[in-house]
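Peer 1: Below are the structure tokens for one structure; questions will follow.
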Amino acid sequence: MLEEHVVPPKPDNSLLKEFNQLFSTNEQLQNAATSQKGGNIITEKEVQTLCDACAGCKKVGKHIVYLENFYFLYIRSLLSKLSIHVWAPDLEEEPGFLYNESCRTVAIMTFRQLACSGAYQYMQAKLKYLNNISLLHCTYDHYFHYLMSEKYKKEIKEAGKNLDKDQKRVSQQRRHRVRSI
Numbered sequence: 007m008l009e010e011h012v013v014p015p016k017p018d019n020s021l022l023k024e025f026n027q028l029f030s031t032n033e034q035l036q037n038a039a040t041s042q043k044g045g046n047i048i049t050e051k052e053v054q055t056l057c058d059a060c061a062g063c064k065k066v067g068k069h070i071v072y073l074e075n076f077y078f079l080y081i082r083s084l085l086s087k088l089s090i091h092v093w094a095p096d097l098e099e100e101p102g103f104l105y106n107e108s109c110r111t112v113a114i115m116t117f118r119q120l121a122c123s124g125a126y127q128y129m130q131a132k133l134k135y136l137n138n139i140s141l142l143h144c145t146y147d148h149y150f151h152y153l154m155s156e157k158y159k160k161e162i163k164e165a166g167k168n169l170d171k172d173q174k175r176v177s178q179q180r181r182h183r184v185r186s187i
């Protein structure tokens, strides 16, 4: 999710089946995510998320962000602990669906870790909220299971509709700026 205008794809059914064979409760999921002893369920090479990402400067929105290689390694390591080949919540299912819980766990754990290390300084994130897990859950659920879910539904009906809409919005904003000069 480093790219603008990207809607998470539907997870592959075989990967969901593999995940469901490994985890049946949220407790098992949390134990695997936080365990220092347990190894990775899948190798980090099997994780497809961020496989092309590399350290360095990246434009995110209006900002230039410096991303260290450690951030990518940390995220991929956590994904491999939970047997998530591709990070993509299932937007056709409820937020409480165990696979969606795992995606939320990864997102919140990595966000907290990276925010503490200064990765999101450009966002001026308020670090005092990092320990308010219920707020982070609500924020995540709203963003992915409401906003992104709406975009996902539009994309299913008509491929490319979201990108067209976003490009029109950007063009209108540019025209408005030119008119105001």
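Numbering (the working numbering), first residue to last: 7 to 187. All C-beta atoms in this analysis are idealised placements derived from N, C-alpha and C, irrespective of residue type, glycine included.
1) Contact between the region 97-106 and the region 145-161 is defined here as three or more beta-carbon pairs at a separation below 8 Å; is this criterion met?
2) According to DSSP, simplified to helix, strand and coil, what is Leu73?
3) Would you mind reading off the limits of the alpha helix (DSSP H) that contains Tyr105?
4) Consult DSSP for Ser89 and reduce its assignment to one of helix, strand or coil.
5) By DSSP, does Lys174 sit in helix, in strand, or in coil?
6) What did DSSP end up calling Glu164 once you bin it into helix, strand or coil?
7) Between Ala38, Tyr105 and Glu50, which lies nearest to Tyr80 when the distance is taken from Cα to Cα?
8) Helix, strand or coil: how does DSSP classify His148 here?
9) Do you know how far the Cα of Leu35 is from the Cα of Phe29?
Peer 2: In brief:
1) yes
2) strand
3) Leu104 to Cys122
4) coil
5) helix
6) coil
7) Glu50
8) helix
9) 6 Å
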